[in-house]
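Chemist: Just passing along the structure, written as structure tokens.
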Amino acid sequence: MASITIVSGLLLPLFFIYTTLYFWTRQYNRRAAHFWHTLRIPAVGVQDDAWLRAIFWSVTRSATYAFEGYQRFSLRNLVFVAPSTGCGAIVVLPPSHLNVLNKSENELQAFHVQLESHQPRYTMGDPEVWGSMLHYDVVRNQLSKDVGHFVRMTDEELAAGFRDYCGRSSDWATVNLWDVCTKVIARAGNRAFVGLPLCRDETLLEQTRVYATNVYGCATVITALPPILQPVLGHLIALPAQWSLYKCKKILIPFVQERLDMLQRGSDDMPNDVLQWLIQRCAKAGPKQTVPGKVAERLLILNLVSIFTTTFTFSNCILDLYSSANRDDFLAGLRAECDKSAALHNGLLTKTAIDQLYRVDSTIRESMRTSMFGIIALFREVAPGTELDLNNGIRIPSGVRIGVPCQPIHYDESRYCNASEFDAFRFSRAFEGPCDATGGSRSQKLSVDLDESFLTYGYGRHACPGRWLASQIMKQALAHLVQNYDVEVVEPVPERKALLNMILPPVGAQIRVRPRSSLRN
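Structure, rendered in structure tokens:
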């Protein structure tokens, strides 16, 4: 009798919860269906108006939704809506509407939407830091215009990094591709950011790597939660990121303070790196911005954004190149180009020499095309108090998020012949003679160039301002790798997997590597 009473006591609240969820789900589905039907925007991935189910499955089916919508609607210059966790749904623009992305922040908000991908209120520190553009001003106004200043420094750091993490032994060594690329790229990037000796501090490198991993990992989990649960669970989920932030700041704050002291003394021996530019920019914004902790946080934001994305691109480039059926021909062509440019310029130690690595650049651009981070990307949100008029009878109200089907565009056969294949010299072949290893033309589309068919770095006024340094470092890294190392990808090559609106990094990929005879001698 007692057991029956207990069971009855449990069944009643369970029945109440089930009934509540059932009616809430029906109500949500009806509201969502009515909203999009009223706007006259067709949806993909939604059957029988079951929006909540489609949103749940978008965690792993975003690529399916994107390619289905692209074929059915984008190719006919029509918008469609794709279910998505976090924001519920995304209005996906066809390529013919890309210019919409250039609207001002008063009409279409870009900055706070890009910030939200990192869930900074949970994963980062001071809102006054991550909520401002101050550190990005340094990238846009100084770093993008002076990347040549860092060529010799990053070349030295890349050589040292590959040597330390791949070794000099004539025997093959099996290493984790993601780990090696993270360490090598982090050292080269931090050589430009903070200089010697801090760029080689293994503790700092490891902590910044862990911080970047935790920010992206925690942000992904938080984004996948229903919006109502994010404030409840967000801080708990982001504890690893906050702990990593604390450890990074513990190392950086004394170093930043030393730089601030040098500036205050008017030292004649001031370093010329990103940190110094950042300090000078903060000083112009007022004394509150030169607090060492704030400067350290700004530096970490630049670090995690640039190094994670550059590592993602470079590691995928190695996989694409060395697992290609035509790898031997590609490697021979790359080595010939590197040797010729090095002979012409007495080494690959100047911006001019690096800029003439057209095949190297094409290889990177092609990998960025086939292995882009985002599926539906370039997100914007219609600003409060406005609506977006698409001039086709569709008016999108404020608060609605829009995006672009970047991956389907990159795989469109009408834009790229054999679009699903990796062709390292796709962008350089048409601009060089049959025997000319450095015959690239100014007309060649480079990895930093943007157009309607190549969207990895963004599009229009909000495109990535740090792409020039990232591209330069990746070209140097790839040139160094093909000239000095033999590389084999350990089979099986890991399959790329999608989660939410992104492709996961190849963290499990293994490569075999050994120095070539020219490096061992």
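My numbering applies: residue 256 is where the sequence shown begins, and numbers increase by one.
In this text, a Cβ means the ideal position worked out from N, Cα and C, and glycines have one as well.
Please name the residue or residues paired with N756 in a DSSP beta bridge.
Modeler: None; N756 has no bridge partner.
Chemist: For S696, does the count of other Cβ atoms within 10 angstroms reach 16, so buried, or fall short, so exposed?
Modeler: With a pLDDT of only 49 at S696, under the threshold of 50, the placement of this residue in the model should not be trusted; the figure read from the coordinates follows. By the 10 Å Cβ count, S696 comes out exposed.
Chemist: Going residue by residue through the segment 406-475, where are the continuous beta strand (DSSP E) segments of at least 3 residues, counting only ones entirely within it?
Modeler: Within the segment 406-475, the complete beta strand (DSSP E) runs of at least 3 residues are 428-431.
Chemist: Taking the alpha carbon of T463 as the reference point, which residue from L559, V368, C537, N361 has its own alpha carbon closest?
Modeler: Ranking L559, V368, C537, N361 by Cα distance to T463 puts L559 first.
Chemist: Check the C-beta distance from R327 over to V299 and give it rounded, since I have them as a contact under 8 Å.
Modeler: Confirmed, Cβ separation roughly 7 Å.
Chemist: Measuring straight from C-alpha to C-alpha, what distance separates L353 and S653?
Modeler: Rounded to the nearest angstrom, the two C-alpha atoms are 19 Å apart.
Chemist: By how many angstroms is the C-alpha of H600 removed from the C-alpha of P760?
Modeler: Straight-line Cα distance between these residues: approximately 35 Å.
Chemist: Would you identify the three-state DSSP class for E746, choosing helix, strand or coil?
Modeler: Of the three classes helix, strand and coil, the one that applies to E746 here is coil, per DSSP.
Chemist: In the DSSP assignment, the alpha helix (DSSP H) including I296 goes from what residue to what residue?
Modeler: No alpha helix (DSSP H) holds I296; DSSP gives it neither H nor E.
Chemist: Buried or exposed, going by whether 16 or more other CB atoms sit within 10 Å of the CB of W433?
Modeler: The residue is buried, with at least 16 neighbouring Cβ atoms inside 10 Å.
Chemist: Taking only the alpha-carbon atoms, compute the straight-line gap between C672 and R681 and give it to the nearest angstrom.
Modeler: Taking the straight line from one Cα to the other gives about 9 Å.
Chemist: Quick check on DSSP: helix, strand or coil for V368?
Modeler: V368 falls in the helix class under three-state DSSP.
Chemist: What does I657 pair with, by DSSP beta-bridge criteria?
Modeler: DSSP lists V346, R635 as partners of I657.
Chemist: Ends of the alpha helix (DSSP H) at R769?
Modeler: Element bounds for R769: not the alpha helix (DSSP H) but the beta strand (DSSP E), 765-770.
Chemist: Taking one C-beta from the segment 415-430 and one from the segment 499-514 each time, how about it: are there three or more such pairs within less than 8 Å?
Modeler: With a cut-off of 8 Å, the segment 499-514 and the segment 415-430 do not count as touching, because too few Cβ pairs lie within range.
Chemist: So, for V262: in the same chain, excluding its five sequence neighbours on each side, which residues have a beta-carbon less than 8 Å away from its beta-carbon?
Modeler: Residue placement at V262 is poorly supported in this model, since its pLDDT is 43, which falls under 50; the coordinates are not used for a value here.
Chemist: Here's a check: name, in chain order, each residue in its chain whose Cβ is nearer than 6 Å to the Cβ of C473, leaving out the five neighbours to either side.
Modeler: The answer, listed in chain order, is T378, I492, A493, A496.
Chemist: Let me know the secondary structure DSSP gives I573 once reduced to three states.
Modeler: The answer is helix: DSSP assigns I573 an H, G or I state.
Chemist: Counting only the same chain and skipping the five closest in sequence on each side, list residues whose C-beta sits under 7 Å from that of G640.
Modeler: Counting only Cβ-Cβ distances below 7 Å, and skipping sequence neighbours, we find S653.
Chemist: Relative to the C-alpha of A441, which residue among L459, N431, A674 is closest?
Modeler: For A441, the nearest C-alpha among the options comes from L459.
Chemist: Taking Cβ positions, are V347 and I631 nearer each other than 7 Å?
Modeler: Taking 7 Å as the Cβ cut-off, V347 and I631 qualify as a contacting pair.
Chemist: Between D616, L398, K504, Y613, which lies nearest to Q531 when the distance is taken from Cα to Cα?
Modeler: Answer by Cα proximity: L398.
Chemist: Between which two residues does the beta strand (DSSP E) containing A337 stretch?
Modeler: First-last of the beta strand (DSSP E) with A337: 335-339.
Chemist: Assign I477 to one of two classes, buried (16 or more other C-beta atoms within 10 Å of its C-beta) or exposed (fewer than that).
Modeler: I477 should be labelled buried.
Chemist: Quick test of your reading: P547 and I506, contact by CB under 8 Å. State the CB separation rounded to the nearest angstrom.
Modeler: With a Cβ gap of about 12 Å, P547 and I506 do not count as contacting.
Chemist: In the DSSP assignment, the beta strand (DSSP E) including P495 goes from what residue to what residue?
Modeler: Here P495 belongs to no beta strand (DSSP E); instead the alpha helix (DSSP H) covers 494-520.
Chemist: With the cut-off set at 7 Å, would you say N571 and S622 are in Cβ contact?
Modeler: Cβ distance < 7 Å, so N571 and S622 count as in contact.
Chemist: Determine the burial state of C690: buried for a count of at least 16 other Cβ atoms within 10 Å of its Cβ, exposed for fewer.
Modeler: Its pLDDT being 42, under 50, C690 is placed unreliably in this model, and the value from its coordinates should be taken loosely. With fewer than 16 Cβ atoms within 10 Å of its Cβ, C690 is classed as exposed.
Chemist: Consult DSSP for P761 and reduce its assignment to one of helix, strand or coil.
Modeler: Here P761 sits in coil by DSSP.
Chemist: Does the separation of the CB atoms of V529 and A447 fall below 7 Å?
Modeler: For V529 and A447, yes; Cβs fall inside 7 Å.
Chemist: Rank V384, A608, A467 by C-alpha distance to the C-alpha of C537 and give the top, closest one.
Modeler: Checked all of V384, A608, A467; the closest Cα to C537 is V384.
Chemist: Report the partner residues of E642 according to the DSSP bridge assignment.
Modeler: For E642, which the question treats as bridged, DSSP gives the partners P652.
Chemist: Label L484 either buried or exposed according to how many other C-beta atoms from any shown protein chain fall within 10 Å of its C-beta, with 16 as the threshold for buried.
Modeler: By the neighbour-count rule (16 or more Cβ atoms within 10 Å), L484 is not buried but exposed.
Chemist: In whole angstroms, give me the CA-to-CA distance for P720 and T437.
Modeler: Approximately 21 Å between the Cα atoms of the pair.
Chemist: State buried or exposed for G713, treating a residue as buried only when at least 16 other CB atoms are found within 10 Å of its CB.
Modeler: Buried: at least 16 other Cβ atoms inside 10 Å.
Chemist: Looking at the strands, I want to know which residues DSSP matches up with F709.
Modeler: F709 is bridged to D706.
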